[in-house]
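The block underneath contains the structure these notes are about, expressed in structure tokens.
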Amino acid sequence: MYSEKVMDHFNNPRNVGEIENASGVGTVGNAKCGDIMRIYLDIDENHVIKDCKFKTFGCGAAVATSSMATELVKGKTVEEAMQVTNKAVMEALDGLPPVKVHCSLLAEEAIHAALWDYAQKNGITIEGLEKPKSDIHEGEEEQQEEY
72 MYSEKVMDHF NNPRNVGEIE NASGVGTVGN AKCGDIMRIY LDIDENHVIK DCKFKTFGCG
132 AAVATSSMAT ELVKGKTVEE AMQVTNKAVM EALDGLPPVK VHCSLLAEEA IHAALWDYAQ
192 KNGITIEGLE KPKSDIHEGE EEQQEEY
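Following this note's numbering, the numbering of the sequence shown begins with 72 at its first residue and continues without gaps.
See below:
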């Protein structure tokens with residue numbers, strides 16, 4: 072069962088779209104469920120995120136976590152945006168069902184991927200930021216799922 076906040080962000084997503092000439096763009100996906108999330112950041116000369124938009128192909132929880140993630144980073148500095156974790160996204164949405172927690176991980180990774188792109192374009196280092204994976208399951212050993 073989804074919380075009212077998840078349903079609100081799914082039915083009325085905030086910040087949908089693209090930013091032309093974005094400061095940073097991050098695209099991540101999850102091959103196991105098929106969700107793809109792209110986040111666009113517009114960052115000013117003081118390293119403050121002036122605008123943030125997203126495009127997501129996926130389930131309702133993926134749309135809701137994308138929407139909430141953009142709300143959480145808008146107006147923040149790059150360093151503050153680094154502190155937005157999947158847990159923070161889930162808490163802001165009043166929780167997610169266990170089978171949808173991966174959607175909040177995608178949101179965190181998409182923010183990091185967009186910040187990585189920004190850092191690469193500007194020749195800067197953002198403390199704690201690592202090169203993003205294109206798939207959040209990259210590097211994991213294939214695990215047999217039981218139903």
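Using N, Cα and C, we set each Cβ at its ideal position, and we do this for glycine too.
Exercise for review: Pull up the CB-CB distance for M161 and G129, whole angstroms please, since I reckon it's below 8 Å.
Suggested key: Within the sequence shown, the letter at position 90 stands for residue 161. Within the sequence shown, the letter at position 58 stands for residue 129. Not confirmed; about 16 Å, so no contact.
Practice item. Pull up the DSSP beta-bridge partners for K124, would you. Key: Walking along the sequence shown from the start, residue 124 turns up at place 53. Secondary-structure assignment with DSSP links K124 through a beta bridge to Y111.
Review point. Is the distance from the Cβ of S74 to the Cβ of D165 below 7 Å?
Key: One-based indexing of the sequence shown puts residue 74 at position 3. One-based indexing of the sequence shown puts residue 165 at position 94. In this structure, D165 lies closer than 7 Å to S74 by Cβ.
Review point. Taking the C-alpha atoms as reference points, what is the distance between T148 and N117?
Key: Counting from 1 along the sequence shown, the entry for residue 148 is found at position 77. Counting from 1 along the sequence shown, the entry for residue 117 is found at position 46. When rounded, the distance between both Cα atoms is 8 Å.
**Study point:** Residue closest to V134, alpha-carbon to alpha-carbon, out of A184, G194, L177 and L186
**Key:** Indexing the sequence shown from 1 puts residue 134 at position 63. Of A184, G194, L177 and L186, the residue nearest in Cα terms is L177.
Check your understanding: Can you tell which of D113, E201, D79 and V77 has its C-alpha closest to the C-alpha of E91?
Key -> Your numbering for residue 91 matches position 20 in the sequence shown. Measuring from the Cα of E91, the nearest candidate turns out to be D113.
Practice item. Take the Cβ of E198 as the centre, count every other Cβ of all protein chains shown within 10 Å, and call the residue buried at 16 or more, exposed below. Key: For the purposes of this step, residue 198 is taken as the residue at position 127 of the sequence shown. Label assigned to E198: exposed.
Review point. So what's G166 in DSSP terms, helix, strand or just coil?
Key: In the sequence shown, the residue the question calls residue 166 occupies position 95. For G166, the three-state secondary structure derived from DSSP is coil.
Practice item. Use the C-beta contact count for N193: other C-beta atoms within 10 angstroms, 16 or more gives buried, fewer gives exposed. Key: Walking along the sequence shown from the start, residue 193 turns up at place 122. With fewer than 16 other Cβ atoms from the protein chains shown falling within 10 Å of its own Cβ, N193 counts as exposed.
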